[in-house]
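*Asks:* In the working numbering, the protein residues as written are 6 to 513.
The beta carbon of each residue, even a glycine, is placed where N, CA and C say it ideally should be.
Okay, here's the thing in C-alpha cells:
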C-alpha cells in the first residue's frame with residue numbers, strides 16, 4: 006500500500022475514525038488495489054485512502070454544455086476549487102485548465118471557474134474534525150520520479166477566499182532535457198499496468214490536497230456539543246444550523262431583531278444568506294423548564310407536517326444552549342391582534358373565522374390523523390402565529406406529549422395556562438385530547454369575544470369569560486359578548502354557532 010498512501014496514511018491509521026483526515030486527491034497512478042478507479046481521477050478521502058466519492062478528471066465547458074476530460078499528467082497548470090458550505094454541509098470540488106498562453110493582463114481565477122462542480126458530497130465536518138486541525142499539501146509517487154508544484158493558493162475561513170490573479174502566477178520550471186545515455190530498463194509491466202506517458206510527463210501524480218478548511222473550526226470550537234449525537238437526534242434530527250450563520254442572520258441577536266419572549270425563550274427574526282426569513286427561538290439562561298423541554302419540541306415539530314402548524318426548520322446546539330429555527334410568521338401572534346390597542350388594523354370576522362378553522366384542522370391532525378396522538382397542552386392565542394395571509398398556525402410545542410393510540414395515560418405534572426386548563430386536568434393531572442379540546446373552546450371564546458379567558462381587571466361577573474358567556478346565553482343575550490371592535494360586521498348565525506361550540510368544548 007506504500008505508493009498509494011499519499012504521504013498521509015499507513016496500515017495503522019487507514020480507515021480509522023480517529024484518523025481525522027479530509028483529503029482531496031488528484032491521482033495519476035493506477036494501482037493494483039481493487040478500489041483504485043483509474044490513473045486520472047479526483048477523489049474525496051475521509052479517514053481512508055479509499056475515496057468516498059470520485060470522478061475521472063474533467064471540467065464543465067459552459068459553451069458546449071458538457072464535461073471535457075482534463076489530463077492531470079499533462080504538465081499543464083490546473084486550477085482546483087474546494088468549497089464547503091457550512092449551512093448546507095456540502096463539499097464541492099471543481100477543476101478547470103489554466104488558459105494558455107498565460108494571460109499577461111489581470112485574469113482572476115473566479116472568472117473562469119466552471120458553474121458545475123466535478124464532485125459534490127454532503128459531509129458534516131463536525132464529525133470529522135478535531136478542535137485543532139492543519140491545512141496543507143502532501144504527495145507520494147511510489148517508484149516514479151516526478152515533481153509537483155503549488156504555483157499559488159488562497160484560503161479563507163468563513164467566506165470566499167481571495168481570487169488568484171493568473172497573470173502574476175509564475176510558470177512551472179522547465180524540465181531539463183534527458184542526458185544522452187542509454188535508457189533505463191523498463192519497469193515490470195505488472196507494477197504500472199502500463200502507461201509510459203505517466204513515467205515521462207507526470208507532473209501531479211497522486212497528489213492529495215488537504216484543505217481542512219481550518220477557519221470553519223472556529224465555529225465548531227464554540228459549540229460545546231458539536232460532535233454529540235444523542236439518541237433523540239438520531240431518530241428525529243432535522244436540519245442542523247451553525248451558530249455562526251444564525252448569529253449573522255439575526256445580526257448578532259440584537260434587541261432590534263427581538264420579536265417576542267415566550268415560554269422560556271426569546272424569539273428573534275433573522276434572514277439567511279439565501280434570503281429565507283426565519284424565526285430563531287433561543288433558550289433563556291434562567292429557563293425553569295430547561296433543555297429537556299426543548300428536546301421534546303424538536304422531536305415533535307421536526308416530524309409534523311400540516312399547513313396550520315408552524316414548521317420547525319432546524320436547530321443548533323452550542324455550549325449547552327439550544328436554538329430552534331422556524332418558518333418566520335410575518336404577522337406575529339394572534340393575541341397581539343386581539344389585545345394590543347396600538348395595532349393599526351383589527352381582524353375582520355371572516356379572518357377570525359378562518360383562523361379558528363385553521364387551528365381546528367391542525368388539532369384534528371394532531372389528535373386523529375398523525376401516526377401517534379399528539380397532545381399540545383398549551384393551546385392559546387399567544388401560541389397561534391399568523392402568516393403573510395393571516396392564516397392561523399399552531400406553534401410552541403414545548404409542552405407537547407406523544408403517545409400511541411389506546412395507551413393508558415398516567416398523571417404528570419400539571420402544565421398549561423390558567424383559563425385554558427380543564428378542571429379534570431388540575432384535579433387528576435392527566436392530559437388527554439379532551440383537555441386540549443377544552444383549551445380550544447376557551448380559545449374560540451377568546452377570538453369571538455376579544456377577551457382573555459381570565460381577566461382580573463373586569464367586573465366580577467365578567468372576570469371568567471366562559472362563565473360570563475354562559476350567563477349571557479341563559480338570558481338570551483349572547484350577542485353582547487361579541488368583540489365590540491367588529492362593530493356588528495359579522496353573521497349572527499356563525500357567531501352564535503361558535504359561541505355555543507366554545508361553551509360545549511369547555512363542558513365536553
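What span of residues does the alpha helix (DSSP H) with residue 382 cover, start to end?
*Replies:* Here residue 382 belongs to no alpha helix (DSSP H), and DSSP marks it neither H nor E.
*Asks:* Suppose you measure from the CA of residue 506 to the CA of residue 461; what does that come to, to the nearest Å?
*Replies:* 25 Å
*Asks:* Whose CA, out of 458, 171, 118, 314, lies closest to the CA of residue 157?
*Replies:* 171
*Asks:* Just the Cα atoms here: how many angstroms apart are residue 56 and residue 49?
*Replies:* 5 Å
*Asks:* By DSSP, does residue 375 sit in helix, in strand, or in coil?
*Replies:* coil
*Asks:* What's the C-alpha gap between residue 257 and residue 120?
*Replies:* Linking residue 257 to residue 120 through their CA atoms gives a straight-line distance of about 32 Å.
*Asks:* Residues in the same chain with beta-carbon distance under 6 Å from residue 128, minus the five sequence neighbours each way, listed in chain order, please.
*Replies:* 96
*Asks:* When you compare the CB positions of residue 485 and residue 459, do they come within less than 8 Å of one another, or not?
*Replies:* no
*Asks:* In terms of alpha-carbon separation, which member of 102, 87, 152 lies closest to residue 124?
*Replies:* Residue 87 is the option with its Cα nearest to residue 124.
*Asks:* Three or more C-beta pairs closer than 8 Å, one from the segment 401-409 and one from the segment 371-386: is that the case here?
*Replies:* Yes: at least three Cβ pairs fall under 8 Å.
*Asks:* Grab me the residues of residue 440's own chain with a C-beta within less than 6 Å of its C-beta, minus the 5 sequence neighbours each way, in chain order.
*Replies:* 427, 430
*Asks:* Looking only at C-alpha atoms, which of 383, 32, 393 sits nearest to residue 400?
*Replies:* Out of 383, 32, 393, 383 has the C-alpha closest to the C-alpha of residue 400.
*Asks:* To the nearest angstrom, how far is it from the Cα of residue 31 to the Cα of residue 273?
*Replies:* Straight-line spacing of the CA atoms in residue 31 and residue 273 works out to 45 Å.
*Asks:* For residue 162, tell me which candidate among 323, 99, 91, 26 has the shortest Cα-Cα distance.
*Replies:* 91
*Asks:* Suppose the cutoff is 7 Å on Cβ atoms and the five residues either side in sequence are ignored; what does the same chain contact list for residue 118 look like?
*Replies:* 86, 99, 101
*Asks:* Who are the Cβ neighbours of residue 62 in its own chain at under 8 Å, not counting the five residues just before and after it?
*Replies:* 31, 45, 46, 47, 74, 75, 76, 77, 100, 123
*Asks:* Is residue 481 buried or exposed, if buried means 16 or more other CB atoms sit within 10 Å of its CB?
*Replies:* exposed
*Asks:* So, with DSSP's three-state summary, where would you put residue 127?
*Replies:* strand
*Asks:* In whole angstroms, what is the alpha-carbon distance linking residue 386 and residue 452?
*Replies:* 8 Å
*Asks:* From residue 72 to residue 84, what distance separates their C-alpha atoms?
*Replies:* 15 Å
*Asks:* Can you give me the start and stop residues for the beta strand (DSSP E) that residue 446 sits inside?
*Replies:* From DSSP, residue 446 is part of no beta strand (DSSP E) but of the alpha helix (DSSP H) over 438-454.
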